[in-house]
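These protein sequence lines are chains P and E, in that order. Going by numbering that gives the first Met the number 0, the first sequence opens with residue 0, and the numbers climb by one from there. Going by numbering that gives the first Met the number 0, the second sequence opens with residue 0, and the numbers climb by one from there. Working notes for the structure below.
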Amino acid sequence: MTDQVDQRVQDAVGSTDVPDTTISEILEKNPELHGIGNYEYGWADKNDAGANARRGLNEEVVRDISAKKSEPQWMLDLRLKGLKYFDRKPMPTWGADLSGIDFDNIKYFVRSTEKQAQTWEDLPEDIRNTYEKLGIPEAERERLVSGVAAQYESEVVYHQLREDLEAQGVIFLDTDTALKEHPEIFEEYFGSVIPVGDNKFASLNTAVWSGGSFVYVPKGVHVEIPLQAYFRINTENMGQFERTLIIADEDSYVHYIEGCTAPIYTSDSLHSAVVEIIVKKGARVRYTTIQNWSNNVYNLVTKRAIAHEGATMEWIDGNIGSKVTMKYPAVYMVGEHAKGETLSIAFAGEGQHQDTGSKMVHLAPNTSSAIVAKSVARGGGRSAYRGLVQVREGAKNSKNSVVCDALLVDTISRSDTYPYIDVREDDVTMGHEATVSRVSEEQLFYLMSRGLAEDEAMAMIVRGFIEPIARELPMEYALELNRLIELQMEGSVG
Amino acid sequence: MTEITEKARIGAPAIDGFTEEGENLSPANPDNSPLAGASAKSHSHGGGVGVPDSSRAGRLTSYKVEDFPVLTGREEDWRFTPLKRLRGLHTQALTGAAPSVAVTGPEGAERPAGITVETVGRDDSRIGSAGIPEDRVSAAAWEAFSEATVVTIPAESSIEPAVGISVTGSSKDPSAQHIVIVAEKFSKAVVVLDHKGSATVSQNVEIDVQDGADLTVVSVQEWDDDAVHASSQQAKVGRDAKFKHVVVSLGGDLVRVTPSARLKQTGSEVEMFGLYFADAGQHLEQRLFVDHAVPNCKSRVLYKGALQGENAHTVWVGDVLIRKEAEGTDSYEANRNLILSDGARADSVPNLEIETGLIEGAGHASTTGRFDDEHLFYLMARGIDEKTARRLVVRGFLNEIIQQIKVPALEERLTEAVERELAAGNF
């Protein structure tokens, strides 16, 4: 097993001119890397820009980022305000252990190519290779996705939107370009859902954000095929601070998909994104994430949506990778008959802590929300559901249901549930339910008596457990999720 | 609109109740400090800095007040409690006269034969046998009490009828109280702690349920309207023992009961029940903890609450921890809240931490809502008028807890008390 891993790491890193001694040193110093063994997306490209980027954060760095992007003054002011809040807010004292983050050792801005490529062929070869490994060109060729905003390091390098969507008035850009081209929309919505001082990591993102996607769907437009963006962290200690803003105008519909992968590095990296979504009257937005960061990434993301009258917001949130994830997608239902929904799946393997959940805030009458959270912990991993459902005064006839299921497959893993329910209105219906179960001998015996090996049987049970969520995904994502689960489950038995 | 006001709007939050610093989810303790960053974050846990507690078992325990940081209201275990209404329990020395204690039979009847009642000093060996304070207010009481009441159920005895411990307050000065209940091996008894009068008291109740014992402890809070009561009731449960704990909180301005059961020997079984009925302005809080530290134990938790009136606030937090060693654990907890009128607020937090996969089963459930209209319809279709039907539904809802007490005279009294509550709310 170990030899195999060495070989794989060597193969992967071989192209980057790193001498073999370094690799063995890395593995020696970080025995936990052996455990990451089958991490399919673990490779690193040569990266000149990243090697030269500066580490640490201060006012100068923030001003420098803003100047390099030729931003308007108000954005610089907002960034500086974000920095101020970041400095003065304490680290969270709940949830996962974040003491391993060294803020002074992070590169806050890395520019990979000078300008955006117009076509696939314009991209530098190593970047193209990266995306081929991620499967993007196939997806593009087969028109499975309508646009690809591939976030390579801090800026989007490749961006194409199908022309018919453009003709409908749909804007799908990287956030930097969108700020230049549509400043009026930014002034209205930027920071309106997640204020600059919302929490320490949202403040950090506001200060140093770079890249991300901007989507605007005009009134009544239904985007039939999912919009897709891929994020990847490539530089060691590279912080990824993308900022996504989605506005669905009245009666429109859009499905946005975000996938994340990151290669293995020797020191821990930080990913701290902010996603703001405004769902206007009668519109519907679905936001799907499959997060598969490598096992040394701290993934601390703030995601929040406002749902206006009759609007529907759906979060589909898969957390497979990362060292630590703290992510609680939220829906604030501010208009009557608004709906919020979260489907969440967390898979915590060896050395991982998935602290995920959802937050539903009912601010208007006749609103309804549902949370379905499923988690699997194995190999000493820790998964937690942490959620808040709040019904404010006046939100009459609101309905909510929360269902959490946890599956335990061994004796050393851990599964926690921290649901907060706060009701300030009498005319409501709320329910929370959680079950924690383990894979029974009978289930295994049944499958094995039909000729399956024990680990295959275990993987099948886990797949069945998460099926209600997998079936909500587009096909290629469901397949990828299943593949990832299989990889995670390898060696889980015996 | 001028350009200046237009620009000032940039980055301004669009959600009601939001400021630039996000929202403050802990209105019980509004914090005006400009550095109140932590409170802006939802579910802030713990008060310290650094690495979060890895589980509920990691919480600080100490007999010394100074080991606990001064309360700010942002601590995870105090975030729902209005500290201003604690009347100094968390800031002052608890030097007031403690409520009087009288040990009797059920509802003031003659004390049953066979039990031992002692008043002992701080150095008695039984003090500290079942628990260590887990918060500042409890530690303050531990430091301040001068004498404790110890009630012992002798080994292998079966005590009939129930034992009543009446706690009657008459002073509003912050005071401390200590009570120890020991159920010796293979004994069987029901002990009712009955709180009445007016007091500002922090109380520690230690319950030692020894091997094979079968003990029920009922804690009834029927205080006067102005009482403030913080009660830490910690039980240590021995091998094959059965422990049932019932909390009934009806009266008092602020009542905060924190019962815990630590299962330290295999084969034991714990049931924890609770009933609370909050009227306008009342704050009734219950935070329980079931600690499964050994294999093959069972726990069941059910708390039911009703709320009526402006600013009636109930808090229920149920922590269940199944440790690594606790294989074969069977656990379930549930909380049901019935909100009878506008302006009330119910918080419900059923936490579950599981550190091993080899369990029989674990789960929790929480519901909060108003009446089930179908129940009403069913009764009204049988000719019962709406008002009576509503009362019947509430009575039935709460009776599930009352009938667990098994002391007929007390059950009757509590049923009447619930009726009075409903009548007072003109329900």
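Just so it is clear, CB atoms sit at the ideal spot from N, CA and C, and this is done for glycine as well.
Beta-bridge analysis with DSSP links P:Leu387 to P:Lys358 and P:Tyr419. The CB of P:Ser191 comes closer than 7 Å to the CB of Ala11, Pro12 and Ala13 in chain E, given here in chain order. Within the segment 318-351 of chain E, those residues whose Cβ lies closer than 8 Å to any Cβ of chain P are, in chain order, Lys323, Glu326, Asn336, Ile338, Leu339, Ser340, Asp341, Gly342, Ala343, Arg344, Ala345, Asp346, Ser347, Val348, Pro349, Asn350 and Leu351. By the Cβ neighbour-count rule, P:Leu478 is exposed, with fewer than 16 other Cβ atoms within 10 Å of its own. Here E:Ala305 is buried: its Cβ has 16 or more other Cβ atoms, across all protein chains shown, within 10 Å. E:Val236 and E:Gly95 have their C-alpha atoms spaced approximately 32 Å apart. For the segment 362-374 of chain E, residues whose beta-carbon sits nearer than 8 Å to a beta-carbon of chain P comprise Gly362, His363, Ala364, Ser365, Thr366, Thr367, Gly368 and Arg369. Residues of the same chain with a CB within less than 6 Å of the CB of E:Asp213, apart from the 5 flanking positions on each side, are Lys187 and Lys241 in chain order. About 6 Å separates the beta carbons of E:Pro98 and E:Val200, which is inside the 8 Å limit, making them a contact pair.
Within the same chain, and ignoring the five residues on either side of P:Ala177 in sequence, the residues whose Cβ sits closer than 6 Å to its Cβ are Phe213.
At a beta-carbon threshold of 7 Å, the residues of chain E lying near P:Thr410 are Thr355, Gly356 and Leu357, ordered along the chain.
Against chain E, the CB of P:Ser367 has no partner CB under 8 Å away; the residue lies outside that interface. Under the Cβ distance rule, P:Ala433 counts among the residues neighbouring chain E, one pair being separated by less than 8 Å.
By the rule that beta-carbons nearer than 8 Å mark a contact, P:Pro194 touches chain E.
In the assembly as shown, P:Ser367 is a buried residue. Its beta-carbon has 16 or more other beta-carbons within 10 Å. If you ignore the 5 residues before and after E:Leu409, its C-beta comes within less than 8 Å of the C-beta of Pro105, Glu106, Ala161, Val191, Val217 and Val219, all in its own chain and listed in chain order. Straight-line spacing of the CA atoms in P:Asn298 and E:Lys297 works out to 37 Å.
Here the C-alpha atom of E:Ala361 lies approximately 41 Å from the C-alpha atom of P:Tyr84. Beta bridge pairing from DSSP links E:Asn350 with E:Asp318. A residue is called buried once 16 or more other Cβ atoms fall within 10 Å of its Cβ, and E:Gly368 is buried on that count.
For chain E, the residues of the segment 326-340 of chain P that bring a beta carbon within less than 9 Å of one of its beta carbons are Tyr327, Ala329, Tyr331 and Val333, in chain order. Here the segment 282-290 of chain E makes contact with the segment 240-256 of chain E; the two share three or more CB pairs at distances below 8 Å. Within chain P, the C-beta atoms nearer than 7 Å to that of E:Gly21 come from Pro194, Gly196, Asp197 and Asn198, in chain order. Contact between the segment 307-322 of chain E and the segment 331-345 of chain E is present: 3 or more CB-CB pairs across the two stretches fall below 8 Å. Straight-line measurement puts the Cα of P:Ser436 at about 34 Å from the Cα of E:Asp372. Look at E:Phe17: its C-beta is under 8 Å from a C-beta on chain P. Between E:Ala108 and E:Gln209, the alpha-carbon positions lie close to 27 Å from each other.
Cβ-Cβ separation between P:Val192 and P:Ile305: approximately 5 Å, consistent with a contact (criterion under 8 Å). Residue contact with chain E for P:Met429: present (Cβ-Cβ distance below 8 Å to some residue of chain E). Between P:Gly463 and P:Ile344, the alpha-carbon positions lie close to 13 Å from each other. The C-beta of E:Gly280 comes no closer than 8 Å to any C-beta of chain P. Rounded to whole angstroms, the Cβ separation of P:Val195 and P:Lys322 is 27 Å, and the two are not in contact under 8 Å. Here the segment 433-447 of chain P lies against the segment 406-422 of chain P, with 3 or more beta-carbon pairs under 8 Å apart. Annotation: P:Glu183 to P:Leu172 spans about 15 Å, alpha carbon to alpha carbon. Within chain P, the residues placing a beta-carbon under 8 Å from that of E:Gly360 are Thr434, Val435 and Ser436, ordered along the chain. Within the DSSP bridge table, the entry for P:Lys373 names P:Ile344 and P:Asp404 as partners.
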